[in-house]
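Here the structure is laid out as structure tokens; the discussion comes afterwards.
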Amino acid sequence: MVVVGGGIIGLSIAWRAAQSGRSVRLIDPAPAQGATFAAAGMLAPVSEFHYQEGALLPAMLESAARYPDFLRDLAPADGAVGYRRSETLLVGVDQGDRQALADLHAAHRSAELDVEALTTWEARDREPLLGPRVTSAYRVPGDHQIDPRMMAARLIDRLADTARPGGRVSIVREQVVGLLRRDPVDPDSGVVGIRLADGTTIGSAEVVIANGVGARTLDGLPRRLELPLRPVYGDILRLRVPDRLRPLLGTTVRALVHGGSVYLVPRADGTLVVGATQREDGMDAVSAGGVHRLLRDAQQVVPAVAELPLIEAAGRARPGTPDNAPLLGRVTGRDGGAVGGLIIATGFFRHGVLLAPLAADITLRLLDGHADHRWNAFRPDRFMPANAVPTAERIPR
40 MVVVGGGIIG LSIAWRAAQS GRSVRLIDPA PAQGATFAAA GMLAPVSEFH
90 YQEGALLPAM LESAARYPDF LRDLAPADGA VGYRRSETLL VGVDQGDRQA
140 LADLHAAHRS AELDVEALTT WEARDREPLL GPRVTSAYRV PGDHQIDPRM
190 MAARLIDRLA DTARPGGRVS IVREQVVGLL RRDPVDPDSG VVGIRLADGT
240 TIGSAEVVIA NGVGARTLDG LPRRLELPLR PVYGDILRLR VPDRLRPLLG
290 TTVRALVHGG SVYLVPRADG TLVVGATQRE DGMDAVSAGG VHRLLRDAQQ
340 VVPAVAELPL IEAAGRARPG TPDNAPLLGR VTGRDGGAVG GLIIATGFFR
390 HGVLLAPLAA DITLRLLDGH ADHRWNAFRP DRFMPANAVP TAERIPR
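What follows is the structure in structure tokens.
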């Protein structure tokens, strides 16, 4: 099989497939250098819960629960991928933030999610460096974190080292530009391989498209398939915590600051990740305004941030969809059956790291010929007029 795209989704799918004994080629000119490179790695299905995205919640909770098993074979020592079980604090700094968090907490309770309201004294007992402007706080014990760069590096290493009887695993650092069809003149015929930018073709019985926004530009997609992907850019910062200020934080802190959101994620290596903006301006460079806002808001939450050296500012595009949910599954052809040899796994937006284990397991089941109808709301062809998901199953923005 071929996996197109070496971000956290493509790497995880390739790893699961390799574990099953399949021959796998993962093709990407620069694995793990896109959205994965910038991701903060919060495994936070509860903190990431957004209004009107209820269909995503079961997937996020299930994928978070699968992480320990997923990592057991990948990295028996949690530290090898930066997996930390420390909890998350949700905080706000003004009355509007307090009300917004109270409303969110009501939604948490309605969904029976584990969230505990704290007094500001209790919050500061957990995190002494929280600033005086913090006026409300909630504890989310089940939301953890992982370092996506470490996880991706581990996946690449394990794929490079994996050997299965009768199988072969390789990483091809080239650009895929199109799909090969069984009948070249019929755009709805089965997929039998891919074409690289240099004209080289690689045959494969199964092709998984997991290259983020780039999926929409591939030649040879089924004629009726629409992949309504858009690049949602984000700025994210990394700062170094001097020894005299360690530990700056023991938990991830997600904050509302005058209605805007910011998160602070402490890493075991003494760095702090601060993110992230969300913009659709088409600018693939770091936004000066975004950097300013992140630092300003982070200092409202933890004033000591002003004393930290800024060591990196990164900007990357996340693949968004109209309903903020992934495009995951096989594609229906004009005869109502699945287009053979093709699986779509993209559009994970801000949830790629969190949903990686579930996406890998769903894809593996599809490769084995089994579809899990619990995830029909994520069908990649759901925006095609003939296959539109009923309104009750859609996830409004």
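For the sequence shown, the working numbering assigns the number 40 to the initial residue and increments by one for each residue that follows. Every residue, glycine too, gets a C-beta built ideally from N, C-alpha and C. Small disclaimer: the values here were computed from a predicted structure and weren't measured.
{"Asked": "For Val-41: DSSP bridge partner residues", "Found": "Arg-64, Val-246"}
{"Asked": "Sub-7 Å separation of Val-42 and Ala-53 beta-carbons", "Found": "yes"}
{"Asked": "The alpha helix (DSSP H) enclosing Arg-277, as first and last residue numbers", "Found": "From DSSP, Arg-277 is part of no alpha helix (DSSP H) but of the beta strand (DSSP E) over 269-279."}
{"Asked": "Through-space distance from Arg-283 to Leu-266, alpha-carbon basis", "Found": "50 Å"}
{"Asked": "The stretch 317-325 in contact with the stretch 244-262 per 3-pair CB rule at 8 Å", "Found": "no"}
{"Asked": "Assigned secondary structure, Met-190 (DSSP; H/G/I helix, E/B strand, else coil)", "Found": "helix"}
{"Asked": "CB of Ala-327 within 7 Å of CB of Gln-338, strictly", "Found": "no"}
{"Asked": "Simplified DSSP state of His-390, which is helix, strand or coil", "Found": "helix"}
{"Asked": "Val-211, enclosing alpha helix (DSSP H) - first and last residue", "Found": "Looking at the DSSP string, Val-211 is not in any alpha helix (DSSP H); the run it does join, the beta strand (DSSP E), is 208-211."}
{"Asked": "Buried versus exposed, by CB contacts within 10 Å (16 or more), Ala-431", "Found": "Low local confidence applies: a pLDDT of 37 at Ala-431 is under 50, so the model's placement there is unreliable, with the coordinate-based value given in what follows. It is exposed - the Cβ of Ala-431 has fewer than 16 other Cβ atoms within 10 Å."}
{"Asked": "Local conformation of Arg-421 per DSSP, three classes", "Found": "coil"}
{"Asked": "Spatially closest choice to Arg-137 from Arg-123, Ala-410, Asp-67, Val-173, by CA coordinates", "Found": "Val-173"}
{"Asked": "DSSP state of Arg-285 mapped onto helix, strand, coil", "Found": "coil"}
{"Asked": "Anticipated Cβ contact below 8 Å, Arg-220 with Ser-228, distance rounded", "Found": "5 Å"}
{"Asked": "Segment limits, alpha helix (DSSP H) that includes Val-340", "Found": "327-340"}
{"Asked": "Three-state secondary structure (DSSP) of Pro-26", "Found": "Examination of residue 26 is not possible in this model, given that the chain is present from 40 through 436 alone."}
{"Asked": "Glu-126 - containing beta strand (DSSP E), residue span", "Found": "Segment: none, Glu-126 is in no beta strand (DSSP E) and carries neither H nor E."}
{"Asked": "Endpoints, the alpha helix (DSSP H) within which Leu-113 is located", "Found": "95-113"}
{"Asked": "Proximity of Gly-329 and Asp-274 at Cβ, strictly below 7 Å", "Found": "yes"}
{"Asked": "Sequence-distant residues of the same chain with beta carbon closer than 6 Å to Ala-399, five excluded per side", "Found": "Ser-51, Ile-52, Arg-55"}
{"Asked": "Inter-stretch contact at 8 Å, needing at least 3 Cβ pairs: the stretch 57-67 / the stretch 172-188", "Found": "no"}
{"Asked": "Arg-369: first and last residue of the uninterrupted beta strand (DSSP E) it sits in", "Found": "366-371"}
{"Asked": "Straight-line Cα distance separating Ile-382 from Asp-66", "Found": "It is worth fixing the name first, because residue 66 is Ile in this sequence and not Asp. Roughly 15 Å separates the two Cα atoms."}
{"Asked": "Helix, strand or coil at Leu-405 according to DSSP, with G and I counted as helix", "Found": "helix"}
{"Asked": "Spatial distance of Glu-87 from His-183 (CA atoms)", "Found": "12 Å"}
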